[in-house]
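**Q** Let me begin by handing over the structure; questions about it come next.
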Amino acid sequence: MKKIFEAKDRQEVFDFILSISKENTGIVSLVQVGSGAYGYHDEKSDLDFVIALDTDSSMSEVMDYMRDKISSQYEIQYCKKAEASHLLVIVLSNLLEIDMGFGGYEYAAARKPEYKVIYDNTGVVEDKMNKSREWMDDSIYGNKQQKDIEAACDSVWARMMHAAVAIYRNNFLRAIGELDYIRRVYVDLLGDRYRLESGCNHDMDKLPDEAKNDIRSTLVYSEDTKDLWMSLSNLTTLVYKELEGNEIPISKEMLFEYYKDMGLKL
1 MKKIFEAKDR QEVFDFILSI SKENTGIVSL VQVGSGAYGY HDEKSDLDFV IALDTDSSMS
61 EVMDYMRDKI SSQYEIQYCK KAEASHLLVI VLSNLLEIDM GFGGYEYAAA RKPEYKVIYD
121 NTGVVEDKMN KSREWMDDSI YGNKQQKDIE AACDSVWARM MHAAVAIYRN NFLRAIGELD
181 YIRRVYVDLL GDRYRLESGC NHDMDKLPDE AKNDIRSTLV YSEDTKDLWM SLSNLTTLVY
241 KELEGNEIPI SKEMLFEYYK DMGLKL
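Residue numbering for the sequence shown follows the working numbering, starting at 1 and increasing by one per position.
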């Protein structure tokens with residue numbers, strides 16, 4: 001096998017996983033999730049599956065089965081079995097990553113919009129996943145959005161003050177770290193609003209151009225004090241815009257007075 005996988009290698013592994021899944025009576029359905037469900041992003045996309053079991057009690061046994069079968073066919077570079085999170089992660093020697101989630105078929109639900117049922121011996125998995133979309137978005141994004149808003153209102157202003165002090169003291173690396181933290185808060189809030197996965201900026205390229213330009217306006221390209229102040233100023237304006245209507249201990253106006261006292265020139 002080549003060191004770095006190609007699309008045909010990925011398809012070969014997909015076919016193998018399908019075959020060994022069908023051979024195990026404890027596996028009642030195989031679902032492909034992520035970009036591969038309806039056409040991969042490109043030749044570098046990995047493989048993501050949900051493996052529906054006849055019962056949750058067989059999960060550890062089936063995890064071991066999948067690991068052993070794959071290792072008998074391919075050289076494994078890395079493997080992590082995480083029963084607590086129902087996840088088996090395998091990276092082959094050609095650096096193809098295979099992520100497999102496990103759970104009883106009666107609890108089947110689509111946590112992401114991209115999924116395709118490859119086969120289903122129960123006849124109910126696809127229906128359960130389709131119906132779950134009626135409430136899953138609100139369950140995932142709605143609750144997360146409220147938690148992110150509450151967390152931002154509670155503490156993001158403090159990180160803004162810390163960033164201002166760091167800039168004032170010429171502690172450039174500390175300032176950049178604080179700005180990165182604040183930007184992460186802002187990206188999470190945007191992801192919640194547009195119902196996109198914001199972790200590691202996963203889906204943020206799907207944002208409207210205006211929103212992407214807003215993020216770009218907060219990036220720091222140098223340790224120049226003026227650039228750092230500009231980033232903090234833009235971040236403050238954008239974050240408070242996302243939090244509009246919520247109660248925040250320190251107002252945007254108070255922060256800008258604080259910044260000006262530290263040296264910000266508007």
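The beta-carbon is built from N, C-alpha and C at its ideal position, and this holds for glycine as well.
Just so we're clear, the structure is a prediction, and the values are computed from it rather than from any experiment.
On the DSSP letters alone, give me the boundaries of the beta strand (DSSP E) that lysine 116 sits inside.
**A** Along the sequence shown, read from residue 1 onward, the residue named residue 116 stands at position 116. 115-120 is the span of the beta strand (DSSP E), which, as asked, contains lysine 116.
**Q** How should glycine 245 be labelled, buried or exposed, when 16 other C-beta atoms within 10 angstroms of its C-beta is the threshold for buried?
**A** Counting from one through the sequence shown, the residue named residue 245 turns up at place 245. So glycine 245 ends up on the exposed side.
**Q** Under three-state DSSP, which class holds isoleucine 248?
**A** For this step, residue 248 is matched to residue 248 along the sequence shown. Coil at isoleucine 248, not helix or strand.
**Q** Assuming phenylalanine 49 is part of the beta strand (DSSP E), what are its boundary residues?
**A** Along the sequence shown, read from residue 1 onward, the residue named residue 49 stands at position 49. Residues 47-53.
**Q** Name the one or two DSSP bridge partners that cysteine 79 has.
**A** The sequence position of residue 79 within the sequence shown is 79, counting from 1. Paired residue(s): Ile90.
**Q** Since phenylalanine 5 and leucine 95 should fall inside the 8 Å C-beta cutoff, what is the C-beta to C-beta distance between them, to a whole number of angstroms?
**A** Reading the sequence shown from its first residue, position 5 is the one you call residue 5. Reading the sequence shown from its first residue, position 95 is the one you call residue 95. Sure, about 6 Å apart at Cβ, within 8 Å.
**Q** Would you check if the distance between the CB atom of glutamate 242 and the CB atom of leucine 189 is smaller than 8 Å?
**A** Counted from its first residue, the sequence shown places residue 242 at position 242. Counted from its first residue, the sequence shown places residue 189 at position 189. For glutamate 242 and leucine 189, yes; Cβs fall inside 8 Å.
**Q** For methionine 1, name the three-state secondary structure that DSSP assigns.
**A** Taking the sequence shown and counting its residues from 1, the one referred to as residue 1 is at position 1. Note on methionine 1: pLDDT 49, under 50, position unreliable in the model; the coordinate value appears next. Three-state DSSP puts methionine 1 in coil, outside helix and strand.
**Q** In the structure shown, what three-state DSSP assignment does aspartate 99 receive?
**A** The count along the sequence shown starts at 1 and reaches residue 99 at position 99. Aspartate 99: strand per DSSP, three-state reduction.
**Q** Using the rule of at least 16 other Cβ atoms within 10 Å of the residue's Cβ for burial, across every protein chain shown, is glutamate 61 buried or exposed?
**A** Taking the first residue of the sequence shown as 1, we reach residue 61 at position 61. Exposed is the call here.
**Q** Serine 29 bridges to which residues according to DSSP?
**A** Stepping through the sequence shown from its first residue, residue 29 is reached at position 29. DSSP lists Ala52 and Asp120 as partners of serine 29.
**Q** Enumerate in chain order the residues of its own chain whose CB-to-CB distance from lysine 265 is below 7 Å, with the five nearest sequence positions on each side excluded.
**A** On the sequence shown, position 265 is the one that residue 265 refers to. Nothing listed; no residue qualifies.
**Q** Can you tell which of Gly101, Thr218, Asp154 and Asp261 has its C-alpha closest to the C-alpha of leucine 235?
**A** As a working mapping, residue 235 is identified with position 235 in the sequence shown. Taking only the C-alpha atoms, the option nearest leucine 235 is Thr218.
**Q** Could you work out which residue in Arg195, Lys80 and Glu97 is closest to valine 13 when comparing CA atoms only?
**A** In the sequence shown, residue 13 corresponds to position 13, counting from 1. Nearest of Arg195, Lys80 and Glu97 to valine 13, Cα basis: Glu97.
**Q** Just to confirm, is the Cβ distance from glutamate 126 to valine 33 under 8 Å?
**A** What you label residue 126 is simply residue 126 of the sequence shown in a count that begins at 1. What you label residue 33 is simply residue 33 of the sequence shown in a count that begins at 1. It is not a contact, given that the beta carbons lie outside the stated cut-off.
**Q** Of the residues His41, Ser29, Tyr105 and Trp157, which one's Cα is nearest the Cα of tyrosine 337?
**A** Residue 337 is absent from the structure shown; the chain starts at 1 and stops at 266.
**Q** Run through the DSSP bridge pairs and tell me what glycine 104 is partnered with.
**A** Translated into the one-based positions of the sequence shown, residue 104 becomes position 104. Partner(s): Leu53.
**Q** I think alanine 152 touches leucine 232, with their Cβ atoms under 8 Å apart; what is that distance to the nearest whole Å?
**A** As a first step, residue 152 is located in the sequence shown; it is residue number 152 there, counting from the start. As a first step, residue 232 is located in the sequence shown; it is residue number 232 there, counting from the start. Contact flag wrong, Cβ pair sits at about 16 Å.
**Q** Starting from the Cα of leucine 53, find the closest Cα among Ser72, Glu210, Arg195 and Lys22 and give me that residue.
**A** Looking up residue 53 in the sequence shown gives position 53. When only C-alpha atoms are compared, the closest one is Lys22.
**Q** In or out: methionine 1 buried (at least 16 other Cβ within 10 Å) or exposed?
**A** Within the sequence shown, the letter at position 1 stands for residue 1. Note that methionine 1 has pLDDT 49, beneath the 50 cutoff, so the model's placement of it is unreliable and the number below is only indicative. It is exposed - the Cβ of methionine 1 has fewer than 16 other Cβ atoms within 10 Å.
**Q** Which runs of the alpha helix (DSSP H), 4 residues or longer, sit entirely within the stretch 167-224?
**A** With a minimum length of 4 residues, the continuous alpha helix (DSSP H) runs that stay inside the stretch 167-224 are 172-194 and 209-216.
**Q** Does the beta-carbon of serine 198 have 16 or more other beta-carbons within 10 angstroms, so that it is buried, or is it exposed?
**A** Position 198 of the sequence shown, counted from the start, is the residue given in the question as residue 198. Classification of serine 198: buried, given that the 10 Å Cβ count is 16 or more.
**Q** When you compare only the Cα positions, how much space is there between alanine 109 and lysine 144?
**A** Residue mapping note: residue 109 aligns to position 109 of the sequence shown, counting from 1. Residue mapping note: residue 144 aligns to position 144 of the sequence shown, counting from 1. Their Cα atoms are separated by approximately 18 Å.
**Q** May I have the straight-line CA-CA distance separating valine 124 from isoleucine 90, to the nearest angstrom?
**A** Working through the sequence shown from its first residue, we reach residue 124 at position 124. Working through the sequence shown from its first residue, we reach residue 90 at position 90. Each residue's Cα considered, the two are about 28 Å apart.
**Q** Could you give the distance in angstroms between the alpha-carbon of valine 239 and the alpha-carbon of methionine 204?
**A** As a position in the sequence shown, residue 239 is number 239, starting the count at 1. As a position in the sequence shown, residue 204 is number 204, starting the count at 1. Straight-line Cα distance between these residues: approximately 16 Å.
**Q** Please identify the residue among Glu178, Arg195, His202 and Lys147 whose C-alpha is closest to the C-alpha of tryptophan 229.
**A** As a position in the sequence shown, residue 229 is number 229, starting the count at 1. Among Glu178, Arg195, His202 and Lys147, the Cα nearest to that of tryptophan 229 belongs to Glu178.
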